[in-house]
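Asker:
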Amino acid sequence: MARYQAPRGTQDVLPDDQPYWQWVLGTARDVAAKYGFWPIEVPVFEETEVFVRGVGTGTDIVEKEMYTFEDRGGRSLTLRPEFTAGIVRAYIEHGMRVRPQPVKLYAIGPVFRYEAPQAGRYRQHTQFSCESIGEADPLADFEIMSVAWDLYTALGFRELQFQLNSIGCPRCRPPYIRDVLVPYLHSRRDELSKLDLERLQKNPLRVLDTKEPESQPVVNEAPSIVEHLCSECSEHFAQLRFYLDMLERPYELNPRLVRGLDYYTRTVFEVTAQGLGAQNAVGGGGRYDGLVEVLGGAPTPGVGFAAGIERIVLALKAQGIAPPSMPAPRVFFVHRGRLAKDAAVALADQVRRRGVGALVAFGERSIKAQMRQASKSGAEYVVIIGDEELARGEVQVKHLETGHQEAVVQANLVAWLHERLVAHPSP
RNA sequence: GCGGCCAUAGCUCAAGGGUAGAGCACCUGGUUGUGGCCCAGGAGGUUGUGGGUUCGAGCCCCACUGGUCGCCCCA
């Protein structure tokens, strides 16, 4: 056992997993670009206040999951537990309201939450976060959901499910909770679990997404917030669903979907995939019309979503979806003798300059050993150079798959390989 | 933070309280300069860490660390 191991809840993404990662990240970038989202980099840590105010004091994230520390200058800093608050901070700080609205940004990188690790749940995980700031049109909500949809479908997911709900705005949500939900839950409190009774006191809305078996009947029959939205929220929700229906994006209305971050208004949605156990959400998001103002900017609407890369990779594996293979050197140089090795090094350099990956065997091992290495490297062609070839100014080139081998004049080697591997590659 | 299960070679796993093994993977060979298959050999472990019981612990007990499943919450 190694003396040191990766800290609890963190992991190394090893070379074997990189085809999955590169594929998922590349697809995410491609999809975002297709919708006009631009990349942004924001700090891995922010002033603690950004998250406390942005994410919300009542949330689990702020209450017990943040990596907060004091730097040597006495500042309280926090490793980002999510992207949205930091991106909105950057939007405000750099006066992006003067740009054409909405400002559409995406970021990819690690986020940190101090949680009990489980499969698909890490203390450091990687998010793809997509934000559309400055537009209230439900079309912006639809666009965000489309990015999510396109990403997951491009990756070939089956059994994808979108859960959709609207949780209203500061005008209609509080009256619903106070006058409708709480009285209802109180009237059936005997049927609620102990845990849900606590939630009823602390955050009644959260009772709706309980997993407690005994509470299910009560929650299933609870009055839906969608029935109590104000006219603006109701119209917004209807328009979003119109777009979803028009373009046949499958979704399921889930009046019990609420989310754990305070900043959400109106639209909330989650994407779930099979094969992940309890952590079945591969992405989620919603509208956050109050967030910019909370962080000190002018009242500005916004909507976004985040996807967890680790969970996507787990779901891909669970569904048996294989990533495309990654590019590897396609030519392997085998040599015998000091002069031949030098010639191989020089030839490989020329091959690479023409854009073809090439490897040269290290050391002075036997031809057999070098051939074995060539085979394992995944290269398509082996170039063999020895005294005889050197004397004739040639090399032997062997195609590993067919076993066919022929002599090629050294001076023509680069063009010969380029012709077969780049210009007219055979499938 | 709470509860269950688990921890032996790089990986997957064996080893009735009595000297730690196999398969795969890795390296090297199998006559002069040719891969995959096959054969042979080699390297690789303070049995997660620290205590305890015992003549003797990979095995029994305790604690810690980490993983895993569920709760909580989310990506």
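First residue of the first sequence: 2, per our numbering; consecutive thereafter. From the three backbone atoms N, C-alpha and C, an ideal C-beta is built for every residue, glycine too.
(1) Any chance the stretch 177-196 sits against the stretch 206-225, with 3 or more Cβ pairs inside 8 angstroms?
(2) Measuring CA to CA, which of F163, P205, N166 is closest to P176?
(3) Would you check if the distance between the CB atom of V409 and the CB atom of V423 is smaller than 9 angstroms?
(4) Please report the straight-line C-alpha distance between P328 and Y264, rounded to a whole angstrom.
(5) Please classify Y209 as buried or exposed, where buried requires at least 16 other C-beta atoms within 10 Å of its C-beta.
(6) Return the chain-ordered ranges of every beta strand (DSSP E) run that is complete within the stretch 339-410 and spans a minimum of 3 residues.
(7) Three or more beta-carbon pairs under 8 angstroms between the stretch 49-58 and the stretch 78-88, yes or no?
(8) Rounding to the nearest angstrom, what Cα-Cα distance links G75 and I322 in this structure?
(9) From A307 to V181, what distance separates their C-alpha atoms?
(10) Would you call the stretch 310-320 in contact with the stretch 289-296, where contact means no fewer than 3 C-beta pairs closer than 8 angstroms?
(11) Assuming S188 is part of the alpha helix (DSSP H), what are its boundary residues?
(12) Can you give the Cα-Cα distance for A370 and A359, rounded to whole angstroms?
(13) Count the other CB atoms, across all protein chains shown, that sit within 10 Å of the CB of N166; report buried if there are 16 or more and exposed otherwise.
(14) Going by DSSP, name the residue or residues bridged to F46.
(15) Is the number of C-beta pairs between the stretch 250-264 and the stretch 109-118 that are closer than 8 angstroms three or more?
(16) How many Å lie between A375 and W22 at the Cα?
(17) Could you spell out where the alpha helix (DSSP H) holding P224 opens and where it closes?
(18) Out of curiosity, what's the CA-to-CA distance linking V335 and G157?
(19) Report yes if the C-beta distance between W150 and R250 is below 9 angstroms; otherwise report no.
(20) Might you give, ordered along the chain, the residues of its own chain that have their beta carbon closer than 7 angstroms to the beta carbon of R9, omitting 5 neighbours on each side?
(21) Go through the stretch 49-103 residue by residue and report every complete run of the beta strand (DSSP E) that reaches 3 residues or more, in order.
(22) From the DSSP secondary-structure annotation, give me the bridge partner or partners of C131.
(23) What do you reckon, are the CB atoms on G309 and G284 nearer than 9 angstroms?
(24) Assuming V346 and Y382 form a contact by the criterion Cβ under 8 angstroms, report the distance between their Cβ atoms to the nearest whole angstrom.
(25) Bridge partners for L254 per DSSP, in chain order?
(26) Enumerate in chain order the residues of its own chain whose CB-to-CB distance from D13 is below 8 angstroms, with the five nearest sequence positions on each side excluded.
(27) Enumerated in chain order, which unbroken segments of the beta strand (DSSP E) with a length of 3 residues or greater are wholly contained in the stretch 308-340?
(28) I need the straight-line Cα distance from D138 to D17, nearest angstrom please.
(29) Tell me the rounded alpha-carbon separation between I41 and Y153.
(30) List the endpoints of the continuous beta strand (DSSP E) containing R288.
(31) Buried or exposed, going by whether 16 or more other CB atoms sit within 10 Å of the CB of G169?
(32) Where does E420 sit, in a helix, a strand or coil, going by DSSP?
(33) Taking all protein chains shown into account, decide if K35 is buried (16 or more other Cβ within 10 angstroms of its Cβ) or exposed.
(34) For Q128, count neighbouring Cβ atoms within 10 angstroms of its own Cβ and tell me buried if that reaches 16, exposed if not.
(35) For I272, name the three-state secondary structure that DSSP assigns.
Answerer: Considering the structure as presented:
(1) yes
(2) P205
(3) No, the pair does not count as a contact, with Cβ atoms beyond the cut-off.
(4) Taking the CA atoms as reference points, P328 sits about 42 angstroms from Y264.
(5) The sequence given here places Leu at residue 209; Tyr does not occur at that position. By the neighbour-count rule (16 or more Cβ atoms within 10 Å), L209 is buried.
(6) Counting only unbroken stretches of 3 or more residues, the beta strand (DSSP E) elements lying wholly within the stretch 339-410 are 359-361, 382-386, 395-400, 406-410, in sequence order.
(7) yes
(8) In this structure, the alpha-carbon of G75 lies about 48 angstroms from that of I322.
(9) 31 angstroms
(10) The stretch 310-320 is not in contact with the stretch 289-296.
(11) 183-188
(12) C-alpha separation (whole angstroms): 18 angstroms.
(13) buried
(14) In the DSSP output, where bridge partners are listed per residue, F46 has L80.
(15) no
(16) 26 angstroms
(17) Element bounds for P224: n/a, residue is neither H nor E.
(18) 40 angstroms
(19) yes
(20) Around R9: P118, R124.
(21) 69-71, 77-80
(22) Note: C131 is bridge-paired with Y107, F306 in the DSSP secondary-structure output.
(23) yes
(24) Actually they are not in contact, since the Cβ atoms of V346 and Y382 sit about 17 angstroms apart, beyond 8 angstroms.
(25) BP columns for L254 point to L165.
(26) A7
(27) Whole beta strand (DSSP E) segments, 3+ residues: 332-336.
(28) 43 angstroms
(29) 22 angstroms
(30) 282-288
(31) Looking at its Cβ environment, which holds 16 or more other Cβ atoms inside 10 Å, G169 is buried.
(32) helix
(33) exposed
(34) buried
(35) One point to set straight first is that residue 272 is Val, not Ile, in the sequence displayed. If DSSP states are grouped into helix, strand and coil, V272 belongs with the strands.
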